[in-house]
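Under the UniProt record's numbering, think of the first position of the sequence shown as 1, with each following residue one higher.
As structure tokens, the structure follows; a few thoughts come after it.
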Amino acid sequence: MSPYSSDNNKKSDAERTEEEWRKLLVPSVSLEAVEQLLRQHFTAQTCRVLQQLDSYDDANYKVQLDDTFYLFKIHNGVESKQFLQDAETSCIAFQNALMEALRPVPHINSNLPVEKTENSFENPIDTAPTVLSASLSVVSEQHSPQTLCCRLLSWVPGRPMSTILFLPVESLFLTGLYLGHLHRAFDVAFPQQHAEKDAPWKKAAQRYHIWNLRHVLDIRPFVIQYLPTVDDKQARILSILDAFAAQLPDFQQKLPVGVCHNDLNDANVLCDEQCRVTGVIDYGDAVETWRVADVAVCMAYAMLSSYGKSQRGISAAAAVLRGYHSVTELSEAERRAIPLLIACRLATSVTLGFYSYQQNPENTYLLLHAQPAWNALALLWPLNEKKRTALHAAIHRLLDQAVSQSWCEGSELIGDLCVPDPTVEDSFVNVRPSN
């Protein structure tokens with residue numbers, strides 16, 4: 001166990017933050033135990049646990065019951081406790097509601113909760129869709145076992161975008177378009193203007209979550225305690241947080257809110273063999289937040305895709321914006337917030353990812369976006385304010401071009417956005433048109 005983990009274990013339970021609890025209560029369940037759990041609760045002739053999938057706070061498994069593949073999810077101890085105390089307003093129930101809202105939408109393919117009547121499955125808790133509870137191990141031996149909640153979800157075929165080594169930029173356009181359709185569906189199912197203040201989904205959507213960019217300032221203690229001071233890493237993140245603090249009053253006043261996926265990274269976007277987007281998964285971080293924050297999150301991770309990492313990070317982000325804007329428009333105030341919000345998400349990712357890895361060094365998935373995110377931050381957020389101002393002005397010109405009407409109306413053409421990052425020497429600068 002790392003020295004960081006040892007220090008964390010010295011804290012009393014009352015001193016721990018929710019993020020610290022999430023790291024301690026990550027499920028640690030063997031494939032054999034998962035199979036036993038499935039056989040105990042589900043009626044099926046064939047029951048197989050095929051593999052454990054990458055995950056951040058939960059434990060996910062691809063399973064086969066009879067002739068059908070499913071996703072079996074074991075929830076983190078924090079979410080499980082919330083559900084067992086108040087199921088109706090829990091984030092697990094909220095995730096079910098989000099997926100159900102997408103069931104009738106023809107443009108969206110997503111995991112769907114398995115109803116308790118499907119395949120004659122038994123339901124030990126009187127809820128539908130089926131939510132099981134079981135006493136299971138977590139990564140913290142001191143806090144094991146925990147009563148954890150489990151769900152069976154439909155399997156979404158496809159290949160995670162993060163595994164595609166040569167991703168075409170068109171896939172990022174389609175990702176933005178997919179996100180636009182997600183937002184439209186969520187707006188219908190979870191209307192902001194007419195929703196009752198005590199609607200069950202409201203409490204879950206408005207819960208505190210450190211990954212909600214509205215709360216990005218709360219990563220500051222993690223930055224100071226865990227991030228190294230070498231290579232200006234800590235200084236860069238603190239500079240981003242200072243800029244956000246200065247803009248926060250304007251953001252609160254001008255940026256519309258809505259129910260958002262909040263984690264549309266390239267591991268949660270599925271593609272077919274032609275690199276066309278076929279599905280979106282994982283609603284564990286879904287919250288009510290600024291709508292443009294969700295777009296910025298998607299653009300941030302586009303910068304870390306294989307296309308973005310080929311020194312086309314800003315181009316990758318612009319492609320996502322063009323796809324999104326072709327479905328759902330953003331205001332000028334929202335678009336002006338994008339570079340800072342992208343930086344905030346990358347800052348959160350590197351900070352909490354580094355902290356999480358210190359607590360659970362066996363989970364290398366936590367490092368998936370680490371070095372590419374630091375590279376993107378160095379590109380997007382120069383510490384020299386004059387350079388940063390000039391760079392952001394250029395980025396805004398590209399983003400304005402991405403949403404120009406002449407390109408968005410009925411067109412998927414994105415060749416004009418396929419520009420190299422400013423770190424790449426431009427051999428044609430002297431012969432390019434001036435306008």
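C-beta: ideal position from N, C-alpha, C; glycine also.
Do residue j and residue i count as a contact pair if the criterion is CB distance below 8 Å?
i: Asp282; j: Trp211; result: no
i: Thr289; j: Val257; result: yes
i: Val169; j: Cys418; result: yes
i: Ala373; j: Ser356; result: no
i: Ala337; j: Leu255; result: yes
i: Arg312; j: Ala402; result: no
i: Leu352; j: Phe222; result: yes
i: Ala267; j: Pro160; result: yes
i: Asp232; j: Leu346; result: no
i: Leu37; j: Ala97; result: no
i: Ala300; j: Ile342; result: yes
i: Thr130; j: Arg103; result: no
i: Gln82; j: Cys91; result: yes
i: Thr17; j: Pro200; result: no
Report the CB separation of residue i from residue j in whole angstroms; it is logged as a contact under 8 Å.
i: Lys73; j: Leu132; result: With 8 Å as the limit, Lys73 and Leu132 do not qualify as a contact, their Cβ atoms being about 10 Å apart.
i: Leu177; j: Ser326; result: 6 Å
i: Cys344; j: Leu213; result: 5 Å
i: Thr175; j: Val320; result: 6 Å
i: Ala246; j: Met303; result: Not a contact, Cβ separation roughly 23 Å.
i: Phe354; j: Tyr226; result: 6 Å
i: Ala93; j: Ala101; result: Actually they are not in contact, since the Cβ atoms of Ala93 and Ala101 sit about 13 Å apart, beyond 8 Å.
Going by beta carbon distance, what residues of the same chain come within less than 6 Å of residue i, once the five residues before and after it are set aside?
i: Val259; result: Phe186, Phe190, Ala205 and Glu288
i: Val295; result: Tyr324
i: Leu398; result: Ala318
i: Tyr307; result: Leu167, Val169 and Ala316
i: Gln52; result: Tyr61
i: Val105; result: Ala185
i: Ile219; result: Thr348 and Thr351
i: His107; result: His181
i: Ser140; result: Leu24
i: Asn265; result: Tyr301
i: Ser80; result: Leu148 and Cys149
i: His369; result: Leu304 and Ser349
Give me, in chain order, the residues of the same chain whose beta-carbon lies closer than 7 Å to that of residue i; leave out the 5 immediate sequence neighbours on both sides.
i: Thr328; result: Gly180, His183 and Arg184
i: residue 436; result: Any property of residue 436 remains undetermined from this structure, which presents the chain solely from 1 to 435.
i: Ile164; result: Cys271, Cys275 and Ser306
i: Val34; result: Val49, Tyr61 and Phe72
i: Phe251; result: Trp290 and Ala337
i: residue 436; result: As displayed, the chain neither begins before 1 nor continues past 435, which places residue 436 out of reach and without an answer.
i: Val314; result: Note on identity: in this sequence residue 314 is Ile, with Val being the wrong assignment. Excluding residues within five positions, the ones whose Cβ falls inside 7 Å are Ile395, Leu398 and Asp421.
i: Pro124; result: Model confidence at Pro124 stands at a pLDDT of 39, short of 50, so the residue's coordinates are unreliable and nothing is read from them.
i: Gln192; result: Val257 and Gly258
Just to confirm my understanding: we take residue i, look at its own chain, exclude 5 residues before and 5 after, and list those with CB closer than 8 Å. What are they?
i: Asn119; result: Residue confidence for Asn119 is low, a pLDDT of 40 falling below 50, so the modelled location carries little weight and cannot support an answer.
i: Val138; result: Leu24, Leu25, Val26, Pro27, Ser28, Gly77, Ser144, Pro145, Gln146 and Leu148
i: Asp126; result: Residue confidence for Asp126 is low, a pLDDT of 42 falling below 50, so the modelled location carries little weight; the figure read from the coordinates is stated next. Result list for Asp126: empty, nothing under 8 Å.
i: Glu15; result: none
i: Asp400; result: Arg335
Going by CA-CA distance only, name the one from the options that's closest to residue i.
i: Lys309; options: Leu174, Phe166 and Arg236; result: Phe166
i: Gln234; options: Lys81, Trp381 and Leu174; result: Trp381
i: Trp21; options: Glu32, Asp58 and Ser30; result: Asp58
i: Thr361; options: Thr17, Asp13, Glu19 and Tyr56; result: A small fix is needed here, since residue 361 is Pro in this sequence, not Thr. For Pro361, the nearest C-alpha among the options comes from Tyr56.
i: Gly415; options: Gly158, Leu172, Cys47 and Ala333; result: Leu172
i: Gln253; options: Val431, Leu391 and Glu334; result: Glu334
i: Thr46; options: His75, Leu31, Lys387 and Val63; result: Val63
i: His261; options: Asn430, His75 and Gln95; result: Gln95
i: Glu32; options: His75, Leu136 and Asp13; result: Leu136
i: Pro228; options: Asp198, Gln358, Pro249 and Asp242; result: Gln358
i: Arg388; options: Ser162, Arg236 and Asn109; result: Arg236
i: Val424; options: Asp198, Val230, Gly158 and Leu379; result: Leu379
i: Gly158; options: Asp400, Val230, Asn430 and Val269; result: Val269
i: Asp242; options: Asn109, Gln371, Glu385 and Ser404; result: Glu385
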